[in-house]
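Chains S and C, in that order, are what the protein sequence lines are. The first sequence: position 117 = 99 (this note's numbering), numbered continuously. The second sequence: position 238 = 220 (this note's numbering), numbered continuously. One structure below.
2 protein chains.
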Amino acid sequence: MTASRAFRHSNLVAQATRDRVLVAATELSYVPNLLARGLVQNCTATVGVVVLELANPFFIPMVSAIESIVSKRGLLVITGESGRDEGKERQYVEQFQQFRVGGIIVSPTSSRLDHLAAVRASGTPVVVMARQWEHGDYVATDDAMGGRLVAEHLLRRGHRRIGLVRREDPSHDPVRDRVLGFRRTLAAAEIKVPDEWDIRVPGSQIAHGVEAVERLLLASERPSAIFVTSDRMALGVVNRLLEQGIRVPEDVVVIGYDDIPYAACARVPLTTVAIPVHLLGEISAGILLSRLDGAARAEPSRVLLSPELVIRASCP
Amino acid sequence: MTASRAFRHSNLVAQATRDRVLVAATELSYVPNLLARGLVQNCTATVGVVVLELANPFFIPMVSAIESIVSKRGLLVITGESGRDEGKERQYVEQFQQFRVGGIIVSPTSSRLDHLAAVRASGTPVVVMARQWEHGDYVATDDAMGGRLVAEHLLRRGHRRIGLVRREDPSHDPVRDRVLGFRRTLAAAEIKVPDEWDIRVPGSQIAHGVEAVERLLLASERPSAIFVTSDRMALGVVNRLLEQGIRVPEDVVVIGYDDIPYAACARVPLTTVAIPVHLLGEISAGILLSRLDGAARAEPSRVLLSPELVIRASCP
DNA sequence: ATGAAAGCGCTAACAC
DNA sequence: GTGTTAGCGCTTTCAT
């Protein structure tokens, strides 16, 4: 018992005794068993995090920020990648519960969040990241606004023949909202993106941007502007356009989304929408920690961050 | 007891009984407690991973590959970021042990690996990633060879006035080995990098590349070629050179290292050294799994992967 | 095919 | 400031 107290830095143990315990522990190369503690307390000093993709510059800063913040409190981070598969997401959340993590941060695949509500109801704090959540804490960005910023910029520059490249992913609201805000703003100026310039690709890698251009160039005419819903794809779009002898921005302007660090170093530096990804992680972690500190019954925190247009050479 | 068996799909339980158990479990919204199991078995279905930086395109594919492979076996991944701080690295490894992880994969900060030897001796499998390890399993790349490839290419192109930009990090062997192989090959051609062209910066971000150029341009003369030990920095180097009106590759050629996906989309597409980062993670995970499958006492696996020169516009 | 008993290493609650 | 007791939920072992 005294040993247990010594290890937890309880002040109910004399300094001398504590020292003796610690010395003995070293001699015996004793390693505390956090599982046993977790069993008793029905909770461990861990945070489970599920994102759509680990190897994605959109999510990396979030995971990194979370890790950095919670590790300062001695919490470990368990990561999971759902790969946009709702089943996998559920599985991770369930597995986290089986391990009795202290809290969970999820960037959900779809807007069906009932499994998260259940977890929350069972007492484990849950924060939804990069998407809104009616029934609990979330930290998201205003994606419709981001889409609007893009459209407004294009309209200001006088573009009317506008194309769109986006990941085919009906359930992923953020992209849907970007497109929604974009379309709505264009519609107000009586502009519509024709179907042949509305390209959907199956992923958001650089290569998918390349693929998108190939399909876009099959159209009878060429747009004067292209909105690409992620910078990674936009990099591929610009590269492929240049390879085809189409100049950016002289012949076609391109606007991306996310403002990844590489956007400024691109073949043609990208005009894009910056979202505070690091903040998303930071604030999510902060909310989770406050829940762990006992704010369990407080009202849900609803945080909506604003994106910003960053103007560079690809659409000056 | 029967319930326990039912959950582990033991075939010592009748199908009918199993079904009844599972139904009852759902009704009671029972969640198995993996901590209790871990307490009994003194080991959990988890893998601890420590890397120098999570938000680094060098490590991301490794973590992602590890996650993808071990998750197929139902193992969770606990991630830690040492930030090149040996103390933090040790702390993570210790914490992993306290949680009785099944195995550990570390990309170590320094070449002092005694703490890992101790862990291994205590029975937890350890794989060292991206660095060689005399006393245990490792998966690394031949960094000296990478440096040699760069030097050979520059020599072939007739460069003799050569600069070097690298992260200041004496303990990080990979960078040291790149520089070593590079220098040795140049020395064989009786070329030396003068001190004023040997720039050390405190980090490996894009911004540190920018900083490096500023310091390089203070030198009395300008080199005709620059080797930058990571692509992220090289992106900053190229950007800054162009901003200064110095053309790449006409005035100065630049060679990077890592071949991150963005290298091909850079302002000037980067000539660089490709390292199979995904394989590093994949093979590390494979070795760890084989250890968990009982190959505990087998000889250490020593895997050394070869880098490849990728020639693009920044040094054709 | 099922169950009973014991114990994994810890902490909460309660003595002293 | 220190020790005792009990029990967290599971698996191992042994019995039936």
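All residues carry an ideal CB built from backbone N, CA and C; glycine is no exception. This structure is a prediction, so every number in the text was calculated from the model and none was measured.
Query	Result
Expected contact under 8 Å - CB spacing of Asp155(C) and Arg214(C) to nearest Å	The Cβ separation is near 19 Å, so there is no contact.
Cβ of Ile181(S) within 8 Å of any chain C Cβ	no
Neighbouring residues, chain S, relative to Glu290(C) (Cβ below 8 Å)	Neighbours of Glu290(C) on chain S: none; closest Cβ ~19 Å, over 8 Å.
Distance between Glu63(S) and Ala103(C) (C-alpha atoms, nearest Å)	32 Å
Proximity test, Cβ basis, 8 Å: Glu63(C) and chain S	yes
Assigned secondary structure, Leu58(C) (DSSP; H/G/I helix, E/B strand, else coil)	strand
For Tyr239(C), the three-state DSSP class (helix, strand or coil)	coil
Cut-off 6 Å between Cβ atoms - residues of its own chain near Glu178(S), not counting five sequence neighbours on either side	Ala201
Nearest to Cys54(C) (by Cα), restricted to the options Asp180(S), Val59(S), Val45(S) and Lys70(S)	The question names Cys, but residue 54(C) is Lys in the sequence shown. Closest by alpha carbon: Lys70(S).
Residues that Ala267(S) contacts on chain C, provided the C-beta gap is smaller than 9 Å	Going along chain C, no residue has its Cβ under 9 Å from Ala267(S), so there is no contact; the nearest lies around 14 Å.
Close beta carbons around Gln300(S), own chain, < 8 Å, minus the five adjacent residues each side	Coverage of chain S is limited to positions -17 through 298, which leaves residue 300(S) absent and any answer about it impossible.
DSSP three-state assignment for Asp119(C), whether helix, strand or coil	strand
Cβ contact check for the stretch 189 to 199 of chain C and the stretch 164 to 174 of chain C: 3 or more pairs under 8 Å	no
Ala320(C) versus Val59(S): straight-line alpha-carbon distance, rounded	Past the edges of chain C, shown from -17 to 298, lies residue 320(C), and the structure says nothing about it.
Contact under 8 Å by Cβ, Ile269(C) with Ser283(C)	yes
Burial state of Asp119(S), where buried means 16 or more other Cβ atoms lie within 10 Å	buried
N-terminal and C-terminal residue of the alpha helix (DSSP H) that Leu271(S) is part of	Val259 to Leu274
Beta carbon proximity, Gln79(S) to chain C, threshold 8 Å	yes
Expected contact under 8 Å - CB spacing of Leu34(S) and Thr91(S) to nearest Å	6 Å
Nearest to Glu116(S) (by Cα), restricted to the options Leu271(S), Leu286(S) and Val5(S)	Leu286(S)
8 Å Cβ cut-off: residues of chain C touching Leu217(S)	Tyr244 and Cys247
DSSP state of Gly30(C) mapped onto helix, strand, coil	strand
Met127(C) versus Glu68(C): straight-line alpha-carbon distance, rounded	27 Å
Cα-Cα separation between His260(C) and His190(S), rounded to whole angstroms	20 Å
Backbone CA spacing between Leu4(S) and Gly56(S) [nearest angstrom]	20 Å
Three or more C-beta pairs below 8 Å linking the stretch -15 to -6 of chain C and the stretch -13 to -2 of chain S	no
Own chain residues within Cβ distance below 6 Å of Glu290(S), not counting five before or after	Ala256
Check whether Asp240(S) and Val292(S) have beta carbons under 8 Å apart	no
Helix, strand or coil at Ile293(C) [DSSP, three-state]	coil
Against chain C: residues of the stretch -13 to 20 of chain S by CB proximity under 8 Å	Ser11, Val13, Pro14, Asn15, Leu16, Leu17, Ala18 and Gly20
Presumed contact (8 Å Cβ cut-off) between Ala246(C) and Gly238(C), rounded CB distance	Ala246(C) to Gly238(C), Cβ: 11 Å. No contact.
At least 3 beta-carbon pairs within less than 8 Å: the stretch 38 to 51 of chain C vs the stretch 6 to 20 of chain C	no
Residue from Arg94(C), Arg279(C) and Thr253(C) whose Cα sits closest to the Cα of Thr211(C)	Thr253(C)
Met111(S): first and last residue of the uninterrupted beta strand (DSSP E) it sits in	Val108 to Met111
Span of the beta strand (DSSP E) around Thr254(S)	Thr254 to Ala256
For Asp180(C), the residue or residues it bridges with in DSSP	Leu146(C)
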